[in-house]
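Visitor: In the working numbering, the protein residues as written are 1208 to 1355.
All C-beta atoms in this analysis are idealised placements derived from N, C-alpha and C, irrespective of residue type, glycine included.
Please read all numbers here as calculations on a predicted model, not as lab measurements.
Got a structure for you, questions after.
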Amino acid sequence: MSQQEKLVFSRVLGEGSHVIEAIDIEANAFVTFTYTFEAGDDREALSGSLKAVINSIPTMEIDADAALDKLDYSAFKKERLSFKYVGDVILPETPTSPESAFSAVKYLGKKLYEDADSMQGLPVAFRAMPICHYSGQSDTVLLRLISD
């Protein structure tokens, strides 16, 4: 059943004028990458590599698989690289690698709009359409007669 089929007009006859057609949802999500340096590490080279890894994580609009193969984070010792996730959406697992950070970005995009009943983001904008766009001409005439 589509969202439009779930609409019930009987309670708004003569009162309502618009139907909420779309809701834009946003959520905050942060992944903090921390690398612990040791004496003798080439900080400048590792900092540049870490920045490249972080900058390669895409926004929601870009396919996350595209840049994943191009990353070279072999210079990092995995035991010294840690991740911390803080966000409005509960992830199935906390990112523990650049690959899982990519997966988290893809998951967030799907999760926000997957089920309106368990929406985890925050509604930030609504799009309203006049009821007459959802009803036939005879319904519109009837609404005018009832209102007068």
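So, at 7 Å on beta carbons, what are the nonlocal neighbours of Ser1289 in its own chain, with the 5 sequence-adjacent residues on each side left out?
Guide: Indexing the sequence shown from 1 puts residue 1289 at position 82. Closer than 7 Å at Cβ, skipping near neighbours: Thr1241.
Visitor: Excluding sequence positions up to five away, which residues of its chain have a Cβ less than 6 Å from the Cβ of Leu1315?
Guide: Numbered from its first residue, the sequence shown carries residue 1315 at position 108. Closer than 6 Å at Cβ, skipping near neighbours: Ala1236, Val1296.
Visitor: Please report the residue range of the beta strand (DSSP E) in which Asp1231 lies.
Guide: Along the sequence shown, one-based indexing puts residue 1231 at 24. Segment 1225-1233, the beta strand (DSSP E) holding Asp1231.
Visitor: Verify whether the separation of the beta carbon atoms of Val1238 and Pro1302 is less than 7 Å.
Guide: Mapped onto the sequence shown, residue 1238 falls at position 31. Mapped onto the sequence shown, residue 1302 falls at position 95. Yes, these two residues count as a Cβ contact at 7 Å.
Visitor: DSSP has Arg1334 in a bridge; who is on the other side?
Guide: As a first step, residue 1334 is located in the sequence shown; it is residue number 127 there, counting from the start. Bridge partners of Arg1334: Ala1229.
Visitor: Identify every residue that forms a DSSP beta bridge with Thr1241.
Guide: Indexing the sequence shown from 1 puts residue 1241 at position 34. Ser1289, per the DSSP bridge assignment.
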